[in-house]
Amino acid sequence: MRVSALIPKYPEPETYVGRTHYCPGCGHATLHKILGEVIDELGIRKKVILVEPVGCSVLALRYLKVDGIQGPHGRAPAIATAVKRLKPEKIVLTYQGDGDLAAIGTNEILHAANRGELFSVIFVNNAVYGMTGGQMAPTTLIGQKSTTTPTGRMIEYAGYPLRICELLNTLDAPVYLERVSLYDVEQIARARAALKKAITNQIEKKGFSLVEVLSNCPTNWKMTPEESWRFVKEEMTKIFPLGIFRDR
Amino acid sequence: MSKLYMKGNEAIVEGALRAGLEGFFSYPITPASEIIETFASKYFADREREKRGEKPLYPKFRVFMQMESELASINAVMGGASIGCRVMTASSSPGISLKQEGISYIAACELPCVIVNIMRGGPGLGSIQPEQGDYFQAVKGGGHGDYRLIVLAPNSVQEMAEHTMLLFNLTNKYRNPGMLLADGYLGQMKESLEFPEVPIEEYEKPWAAGNMELDGEQHTIEFLFLTPEPMVEAKKRLLEKYKTIEANEVRYETYKVDDAKIIVTAFGTPSRVAKAAVDLAREKGIKVGLVRPITLWPFPYKIYTNLTSNQVDRVLVVELSFGQFVEDVRLGVEGRAEVRLFPKFGGIVPTEEEVLEKIMELV
Ligand SMILES: Cc1ncc(C[n+]2csc(CCOP(=O)(O)OP(=O)(O)O)c2C)c(N)n1
Ligand code: SF4
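Line by line, the protein sequences are chains A and B.
Using the working numbering, the letters of the first sequence map in sequence onto residues 998 to 1245.
Using the working numbering, the letters of the second sequence map in sequence onto residues 97 to 459.
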């Protein structure tokens, strides 16, 4: 038998076309890839409308060949609300960073979740503002340095890291809230399964689903990719515990 | 044609529904709240009809939402417009300020939609009485960057309905957001109106997000450039469009201008007072006429240029603000005539006699 016959044949990716502009080792690229795979697997590519954030992934639609909209910083949930209600047959996704979703757009995500809007949210928590050069995010850890917390985040100045899954878990409407990460192969597989579940919930018209993905920003954290994933695993998960918060 | 009797705000709703509105997204504010309330009553009455197994009166009007803020409202409008639906939002001055970021994005992405501003007193929380202090905001930008809104200025309940319908046509024709700019009086005032059969123009939207299912192509609604060259190209296209609109869509009304030496000019509610004052002055044998812009952008500069190039040597501008509209009038007049401003602000509309007095001062 030829060795090549032993190598499983993977289908050509349709949605994810790769060659991203992200920094080496950045979680956005991995997340795009598994999101693309899930979309392919569910066979929904032509039905998807993805609302991009303003943040490093503002050009997500260059790498994910689906239809979509690039709105103002933080407003993706309002855009997605109208899209899904006007065209319920579409699969509507928002992809948002922690500045986008948990700072400037907190109102929009809270109300969309509270109304139980039938779209799915992919929320990338990398504890920093990547695109604008590493300022503090609402999710920045206590003591963590950023360009606007040069001596580390202090509670008396900036309060505590904001936990979105826990916050949304106080609402009645959401059906699925899970926090996953990408720090190793097993976590990536879990994240992939979570994405699939969130989208499947939408297909089955169950309700609002959000997957929070603990990710990294090696560039602004000033770490190597390996160090950054260790930081996610050892430090971030202490404040942002992984797991399912809601599954109805 | 049936005769109806209603508030200006209600007439907007009628007009929008007749124009085939599919989604309305808004947040309450005086003096615009009747718009969201009237939409709510129509929308939920239709849902009740459906529950009873009856046909809805407005089958196209599928989505009504009271959003959590004006930010959310305008962004919902952006979402609806991005997928090619006919959508609209309505508010009053402070709420319109909040929408400006979204309006700029909508203009950049060339999305047709209708935004209604029932102006109240400003700045700040101001008052709920009518003013026209949002003129600059509506006509000169308001949000960031180079862009233009098609701005219509109705002056009657009839026109509140008619212009709403017209604005759906214009915004869809040019893929551009448009604003209906009316002062609080027009929103609150009740008058009879006859429903005009403004023909509703349908335009193909092959660019809309969500069309991948139809043509297999990716459709993205975006306006972001990493290098100058493509942005220059995109902005040139926008500019060309704005020039086309300026060339084709200027609208205004003139009244008794043929032999006029003086013209009074105003938009919205003050234009009605001005018209009455013109009649009073004519009774005294004064050769005075009225120019009323209907489109505030594109602005009818030429009519001012033409009139002041001929017989007119005095222009009286009546507006409900410190004087914003007057600046465009001056651009049209270009120094050929004396331009006198009669500003009324703080929520008071001048009387015919007051305007007449100002006309007499110019004689
Ligand atoms: C209204 C507005 N304010 C600020 C900005 C600047 N800005 C762009 S992205 C961003 C934060 C991005 O951080 P995050 O959402 O965490 O995404 P990341 O880049 O880390 O993926 C900011 C503040 C903007 N584009 N618009
Ligand atoms: S700046 Fe950070 S979040 Fe942005 S691409 Fe680079 S590593 Fe990723």
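Where is the CB? At the ideal position from N, CA and C, for every residue including glycine.
These numbers were taken from a predicted model, which means no experiment stands behind them.
_proline 1158 of chain A: CB within 8 Å of a non-hydrogen atom of ligand 1_ = no
*Please list the residues of the segment 117 to 142 of chain B that have a C-beta atom closer than 8 Å to any C-beta atom in chain A, keeping them in chain order.*
Glu118, Gly119, Phe121
_I need the straight-line Cα distance from glutamine 284 of chain B to tyrosine 231 of chain B, nearest angstrom please._
19 Å
*Please list, following the chain, all residues that have a C-beta closer than 5 Å to any non-hydrogen atom of ligand 2.*
A:Tyr1019, A:Cys1020, A:Cys1023, A:Cys1053, A:Gly1127, A:Cys1214, A:Thr1216
*Alpha carbon to alpha carbon, how far is leucine 153 of chain B from arginine 1243 of chain A? Give it in angstroms, no decimals.*
40 Å
*For the alpha helix (DSSP H) that contains serine 189 of chain B, what are its first and last residues?*
189 to 204
_Local conformation of lysine 380 of chain B per DSSP, three classes_ = coil
*In this structure, does DSSP put methionine 1151 of chain A in helix, strand or coil?*
coil
*Curious, which full-length beta strand (DSSP E) runs of at least 3 residues does the segment 364 to 412 of chain B contain?*
384 to 389, 391 to 393
*In chain A, which residues lie less than 8 Å from valine 159 of chain B when you measure between Cβ atoms?*
Ala1079, Arg1082, Leu1083
_Against glycine 306 of chain B, what residues of chain A qualify as contacts under a CB-to-CB distance less than 7 Å, listed in chain order?_
Ile1046, Asp1064, Lys1084, Lys1087
*Closer than 7 Å by beta-carbon distance: list the chain A residues that pair up with cysteine 181 of chain B, in chain order.*
Leu1083
*Is the CB-CB distance between alanine 1191 of chain A and glutamate 1175 of chain A below 9 Å?*
yes
*Examine ligand 1 and report whether any of its heavy atoms sits within less than 8 Å of the Cβ of asparagine 1123 of chain A.*
yes
*Under 8 Å from any heavy atom of ligand 1, does the C-beta of leucine 1058 of chain A make it?*
no
*valine 235 of chain B by DSSP, collapsed to three states: which one?*
helix
*At a Cβ threshold of 9 Å, is glutamine 314 of chain B touching chain A?*
yes
*For ligand 1, any of its heavy atoms closer than 8 Å to the Cβ of aspartate 1097 of chain A?*
yes
*Report the neighbours of glutamate 164 of chain B on chain A: residues whose CB is nearer than 7 Å to its CB, in chain order.*
Asn1104, His1108
_Measuring only from the beta carbon, is glutamate 1009 of chain A closer than 8 Å to any heavy atom that is part of ligand 1?_
no
*Identify whether threonine 1146 of chain A lies in helix, strand or coil by the three-state DSSP scheme.*
strand
*Identify whether cysteine 209 of chain B lies in helix, strand or coil by the three-state DSSP scheme.*
strand
*Counting only the same chain and skipping the five closest in sequence on each side, list residues whose C-beta sits under 7 Å from that of arginine 368 of chain B.*
Asn251
*Could you tell me whether the segment 400 to 413 of chain B touches the segment 176 to 185 of chain B, where touching means 3 or more Cβ pairs closer than 8 Å?*
no
*Report the three-state DSSP secondary structure of isoleucine 179 of chain B (helix, strand or coil).*
coil
*Shorter than 9 Å from the beta carbon of alanine 1099 of chain A to some beta carbon of chain B?*
no
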